[in-house]
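Student:
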Amino acid sequence: MKAMLTRRIAGAAFAAALLASSVLTGTAHAQTPFKIGLILPMTGPSQSTGKQIDAAVKLFIKQNTDMVAGRKIEVILRDDAGVADTTRRVAQELVVKDHVNALAGFGLTPLALAVAPIATQAKIPMIVMSAATSVITEKSPFIVRSSQTAPQIASAFGAYEAKQDVKKVVTLVADYGPGIDMETWFSKMFTAGGGTIVANLRVPLANPDFAPFLQRVRDEKPDAVFVFTPSGMGAIFIKQFVEKGLDKSGIKLIATGDVTDDDQLNGMGDVTLGVVTAGPYSASHVSPANVSFVTSFKENNNNMRPNFMAVFGYDGMRVLYDAIKKTGGKAEGEALVEAMKGASWESPRGPVQIDPATREIVQDVYIRKVVKTNGELYNDEFTSVKQVRDPAKGAP
Amino acid sequence: MSSRAENIAAATKALHGVSRIRPAEIVFWLAAVAAFFFLPDQYLLLNEVMITGLFALSLDLVLGYGGIVSLGHAAFFGFGCYVAGLLTKYGVADPLLGLVIVAVMTGLLGLLTSFLVLRGSDLTRIMVTLSVGVLLSEIGNRLAWLTGGADGLQGVAPDLLLGRWEFDIFGKVAYAYTLAVTFVLFVIARRFVFSPFGWSVRAVKENALRTSAIGIPVNRRLIVVYSLAAAIAGIAGALLAQTTQFVSLDVLAFHRSADLLLILIIGGTGYLYGGLVGALLFKLVQDAIANLTPEYWEFWIGLILVSIVMIGRERIVGLPAFLLKRLRGVA
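Sequence lines, in order, name chains L and Y. The first sequence begins at 78 in the numbering used here and counts up by one. The second sequence begins at 134 in the numbering used here and counts up by one.
Here it is in structure tokens:
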């Protein structure tokens, strides 16, 4: 909290400089630029998501230049503080005032859902770089997702855990779209594999207090507790998990990658050692693409470690750039979305593609364990499920 | 020696003097209408400003006239928002009919909760209003099957306004609609506060004990003003739901009530325009700074608010005169 505060104050000192630079970059260009309206929660409880994605988008543009197929790329970053009606208004303004050619960002499910009708009305691509509820892409034919879907992660993880020596599980999720998706799909695959779900607990999204729910978990005495919290709230959970003494209760903690988020993992401390999670990306993923990504990301951002949100934002820009290239710089919404369908590339997280039928990302889901390497905590990937589609949308 | 009749005549004249329409008021509303014709780029923001202004106006009735400090006014705003959203979604899609139903329902909610607010003094009232707000917010979250919970209420699609105008993506119809509704409600609120009834409410604020001693039923006055304000807040919420065609749980959040109090403090209480002016300043400054520095705008807003409190609003407005006076004083 204190670190956050000092960072904010330090940041404010730079704000004046930032202010000047944003005025300078706002000058007119000869050819019409391709404008991307990037809406992120830069303030409020989800600001870590905004910070990571913004940094990744900047890095992508730095590495790939801001010229694609003769068009200059211009990103207009706007903050919505995680408030849905602000997201909606900002999106509308970006469309009618700034005439953006694409919308991107969207930190949480409600924010993405609020904007979906705007994308349809404006007929421009909407790249979802974070929100994970399965149903989002069905709300507009212009939505393409570069992040993950909750059922994708949870189904793979449920099936995996059913094969381990875990028989009874309590699920504990944030009470909103992705949390319910996680609960449903983990439970479904875990019971299909022979396991038993003892209880499904849901924690309110705003101002989460996990203590009473953790007490319930304790009383149920399961073999493990499966947890999902929105990105950036994992640290609060782990703190309360330890305070309630659950780390010493013999109940195994298993979670989605959102909980042991790379951005916050070191701050959570050694108590997370050995925690098994499932997720699409770890900063310690072994591949040349990832090593180069992590290195440049850290170089450009004061040694901040990229988390999965950063990769989602980075890949979102890749999707857009490739589509602009493919359509020869014409910013026609339908053609851009068409060009994105079926795109495949080597992401820092591994091989990925956009499912042409659902406009969802298809990716490997990794099962990881928290380990300590060189004094730092990492999610060490030890096995994976290859090329997982969103199971909530029809037959695979 | 003046007679009793002369006294009454003088008092009536004084009251009329207070309630007469000032040129600045006409300029304010003309500017709001002019914005419709000259600022087509800003409809969305102006719409939000107007809605927030109307919402703040309703708090002004409670705080500036009734003297009740409320930290849970978003309860009525959010309730109106959800009622309007649900009405639109499940059958009553006519915007104006929706507004009427919302007004009645939030008015009733205000009436019911006013009895809680009447108990106790300022501190208790803050607590009670705060709890009502939190309570409603939690109910909204719990009734996820109805309200959509934290994911928000989707599929709010109002009918054409007056059977003719569609709510467009530019917010043109939205702003005109909000402006018209706000103006009508403002006129009603203005008539209300300058009526004998309104004066008696002000008397309650000044000194409740004395007011009751001269035979004015204190509690009944407060109940009426609280319910009326609730209805107006509900309408403001309904306008938001109808014009953004979306309702999120955030409309019931505590920060709405807190921001609203800030807005009213910036604009000033007890003269009806405080809410509108405060909302305009707050939203414009917030929007301008947030566009320039999306990461750190909260810092600047904080700084501005602190300086307003430290320096004092009157002194900022009267800064030139003040400086002149100081200079002369030194010389």
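Using N, Cα and C, we set each Cβ at its ideal position, and we do this for glycine too. Since the model is a prediction, treat every value here as computed from it, not as a measurement.
#1: Measure the C-alpha to C-alpha separation of S270 of chain Y and D286 of chain L and round it to an integer number of angstroms.
#2: By DSSP, does Y455 of chain L sit in helix, in strand, or in coil?
#3: Taking just the CA atoms, how far does N180 of chain Y sit from I201 of chain Y?
#4: How many angstroms separate the CA atom of L188 of chain L from the CA atom of S123 of chain L?
#5: Check the Cβ of I444 of chain L against every Cβ in chain Y and list those closer than 8 Å, keeping chain order.
#6: Give a yes or no on whether the C-beta atoms belonging to A391 of chain Y and H206 of chain Y are separated by under 7 Å.
#7: What residues in its chain sit with their C-beta under 8 Å from that of P433 of chain L, if we drop five residues either side in the sequence?
#8: A332 of chain L and V363 of chain L - do their beta-carbons sit closer together than 7 Å?
#9: Which one of Y:D383, Y:I437, Y:T402 has the shortest CA to CA distance from D284 of chain Y?
#10: Counting only beta-carbon separations shorter than 7 Å, does D383 of chain Y have a partner in chain L?
#11: Would you say A193 of chain L and S232 of chain L are within 7 Å of each other, going by their C-beta atoms?
#12: Which residues does DSSP pair with W422 of chain L in a beta bridge?
#13: CA-CA distance, G435 of chain Y and G327 of chain L?
#14: Give me the residue from L:F374, L:V442, L:G184 with the minimum Cα distance to P428 of chain L.
#15: Between which two residues does the alpha helix (DSSP H) harbouring V212 of chain L extend?
#16: Assign E151 of chain L to buried or exposed, taking buried as 16 or more other Cβ atoms, counted over all protein chains shown, within 10 Å of its Cβ.
#17: Got a sec, what are the start and stop residues for the beta strand (DSSP E) N277 of chain L sits in?
#18: Let's see if you can read the secondary structure: which residues bound the alpha helix (DSSP H) around M183 of chain Y?
#19: Suppose contacts are defined by Cβ-Cβ distances below 7 Å. Is A227 of chain L in contact with M206 of chain L by that definition?
#20: In the DSSP assignment, the alpha helix (DSSP H) including V250 of chain Y goes from what residue to what residue?
#21: Kindly indicate the opening and closing residues of the beta strand (DSSP E) around R148 of chain L.
#22: Does DSSP classify K112 of chain L as helix, strand or coil?
#23: By the three-class DSSP mapping on this structure, what secondary structure does Y465 of chain Y have?
#24: Please report the residue range of the beta strand (DSSP E) in which L330 of chain L lies.
#25: In angstroms with no decimal places, state the Cα-to-Cα distance between G405 of chain L and A179 of chain L.
#26: Should V160 of chain L be flagged as near chain Y, meaning a C-beta pair shorter than 7 Å?
#27: Name the two residues that bound the continuous beta strand (DSSP E) containing V439 of chain L.
#28: Apply the 10 Å Cβ neighbour rule to K112 of chain L and answer buried if 16 or more other Cβ atoms are within range, or exposed otherwise.
#29: From the DSSP output, read off the bridge partner residues of K245 of chain L.
#30: With DSSP run on the structure shown, which of helix, strand or coil describes A179 of chain L?
#31: F170 of chain Y and A107 of chain Y - do their beta-carbons sit closer together than 7 Å?
#32: Just the Cα atoms here: how many angstroms apart are T239 of chain Y and Q241 of chain L?
#33: When Cβ atoms are compared, which residues of the segment 178 to 205 of chain L fall closer than 8 Å to chain Y?
#34: Residues in the same chain with beta-carbon distance under 7 Å from N141 of chain L, minus the five sequence neighbours each way, listed in chain order, please.
#35: Tell me where the beta strand (DSSP E) around T354 of chain L begins and ends.
#36: Looking at the secondary structure, which residues open and close the alpha helix (DSSP H) in which R353 of chain Y lies?
Tutor: This is what the structure holds:
#1: Within the second sequence, residue 270 of chain Y is the residue found at index 137, counting from 1. Within the first sequence, residue 286 of chain L is the residue found at index 209, counting from 1. Cα atoms of S270 of chain Y and D286 of chain L: separation of roughly 16 Å, rounded to the nearest angstrom.
#2: On the first sequence, residue 455 of chain L is found 378 positions in, with the first residue counted as 1. Correct three-state label for Y455 of chain L: strand.
#3: Residue 201 of chain Y sits at position 68 when you count from the first residue of the second sequence. Residue 180 of chain Y sits at position 47 when you count from the first residue of the second sequence. Separation of I201 of chain Y and N180 of chain Y (C-alpha to C-alpha, rounded to the nearest whole angstrom) is 28 Å.
#4: As a first step, residue 188 of chain L must be located in the first sequence, where it is residue number 111. As a first step, residue 123 of chain L must be located in the first sequence, where it is residue number 46. Counting only the Cα atoms, S123 of chain L lies some 12 Å from L188 of chain L.
#5: To locate residue 444 of chain L, count along the first sequence from 1; it is residue 367. Chain-ordered listing is empty here: chain Y has no CB closer than 8 Å to the CB of I444 of chain L, the nearest sitting near 28 Å.
#6: In the second sequence, counting from the first residue as 1, residue 391 of chain Y sits at position 258. In the second sequence, counting from the first residue as 1, residue 206 of chain Y sits at position 73. Contact check for A391 of chain Y against H206 of chain Y fails: the beta carbons are separated by 7 Å or more.
#7: Mapped onto the first sequence, residue 433 of chain L falls at position 356. Only K418, G419 meet the Cβ criterion.
#8: For the purposes of this step, residue 363 of chain L is taken as the residue at position 286 of the first sequence. For the purposes of this step, residue 332 of chain L is taken as the residue at position 255 of the first sequence. Pairing V363 of chain L with A332 of chain L gives a Cβ-Cβ distance that is not under 7 Å.
#9: Looking up residue 284 of chain Y in the second sequence gives position 151. Closest option to D284 of chain Y, Cα to Cα, is Y:D383.
#10: Working through the second sequence from its first residue, we reach residue 383 of chain Y at position 250. At a cut-off of 7 Å between beta-carbon atoms, D383 of chain Y makes contact with chain L.
#11: Here residue 193 of chain L is taken as the residue at index 116 of the first sequence, counted from 1. Here residue 232 of chain L is taken as the residue at index 155 of the first sequence, counted from 1. 7 Å or more divides the Cβ of A193 of chain L from the Cβ of S232 of chain L.
#12: As a working mapping, residue 422 of chain L is identified with position 345 in the first sequence. For W422 of chain L, which the question treats as bridged, DSSP gives the partners L:V429.
#13: Position 302 of the second sequence, counted from the start, is the residue given in the question as residue 435 of chain Y. Position 250 of the first sequence, counted from the start, is the residue given in the question as residue 327 of chain L. Taking the straight line joining both Cα atoms gives about 46 Å.
#14: Along the first sequence, one-based indexing puts residue 428 of chain L at 351. Checking every option, the nearest Cα to that of P428 of chain L belongs to L:V442.
#15: In the first sequence, the residue the question calls residue 212 of chain L occupies position 135. From DSSP, V212 of chain L is part of no alpha helix (DSSP H); its letter is neither H nor E.
#16: Indexing the first sequence from 1 puts residue 151 of chain L at position 74. Buried, by the Cβ-count rule.
#17: Working through the first sequence from its first residue, we reach residue 277 of chain L at position 200. It spans 273 to 280 - the beta strand (DSSP E) in which N277 of chain L sits, taken as one unbroken run.
#18: Mapped onto the second sequence, residue 183 of chain Y falls at position 50. M183 of chain Y -> alpha helix (DSSP H) spans 176 to 193.
#19: Counted from its first residue, the first sequence places residue 227 of chain L at position 150. Counted from its first residue, the first sequence places residue 206 of chain L at position 129. Against a cut-off of 7 Å, the Cβ pair of M206 of chain L and A227 of chain L comes out as no contact.
#20: Within the second sequence, numbered from 1, the residue matching residue 250 of chain Y stands at position 117. Counting along the chain, the alpha helix (DSSP H) containing V250 of chain Y begins and ends at 228 to 251.
#21: The residue labelled residue 148 of chain L in the question sits at position 71 within the first sequence. Membership of R148 of chain L in the beta strand (DSSP E) is indicated by the continuous run 148 to 156.
#22: On the first sequence, position 35 is the one that residue 112 of chain L refers to. Strand, per DSSP.
#23: Only positions 134 to 464 of chain Y appear in this structure, which leaves residue 465 of chain Y out of reach.
#24: Your numbering for residue 330 of chain L matches position 253 in the first sequence. That run of the beta strand (DSSP E) goes 329 to 333.
#25: On the first sequence, residue 405 of chain L is found 328 positions in, with the first residue counted as 1. On the first sequence, residue 179 of chain L is found 102 positions in, with the first residue counted as 1. Cα to Cα, the separation comes out at about 16 Å.
#26: Here residue 160 of chain L refers to the residue found at position 83 when the first sequence is read from its first residue. Cβ-Cβ to chain Y under 7 Å: yes for V160 of chain L.
#27: Your numbering for residue 439 of chain L matches position 362 in the first sequence. Its beta strand (DSSP E) spans residues 438 to 450.
#28: Translated into the one-based positions of the first sequence, residue 112 of chain L becomes position 35. Answer is buried; the Cβ neighbour count reaches 16.
#29: Sequence index remark: in the first sequence, residue 245 of chain L carries index 168 (1-based). Assignment of beta-bridge partners to K245 of chain L by DSSP yields L:T273.
#30: Stepping through the first sequence from its first residue, residue 179 of chain L is reached at position 102. Strand.
#31: For chain Y, the structure presents residues 134 to 464; residue 107 of chain Y sits outside this window and is missing.
#32: The residue given as residue 239 of chain Y occupies position 106 in the second sequence. The residue given as residue 241 of chain L occupies position 164 in the first sequence. Those two C-alpha atoms are separated by around 54 Å.
#33: Those would be T186, P187, L190, A191, P194, I195, Q198, A199, in chain order.
#34: Position 64 of the first sequence, counting from 1, holds the residue named residue 141 of chain L. Counting only Cβ-Cβ distances below 7 Å, and skipping sequence neighbours, we find Y398.
#35: Sequence index remark: in the first sequence, residue 354 of chain L carries index 277 (1-based). T354 of chain L -> beta strand (DSSP E) spans 353 to 356.
#36: Taking the second sequence and counting its residues from 1, one reaches residue 353 of chain Y at position 220. Per DSSP, R353 of chain Y belongs to the alpha helix (DSSP H) from 351 to 377.
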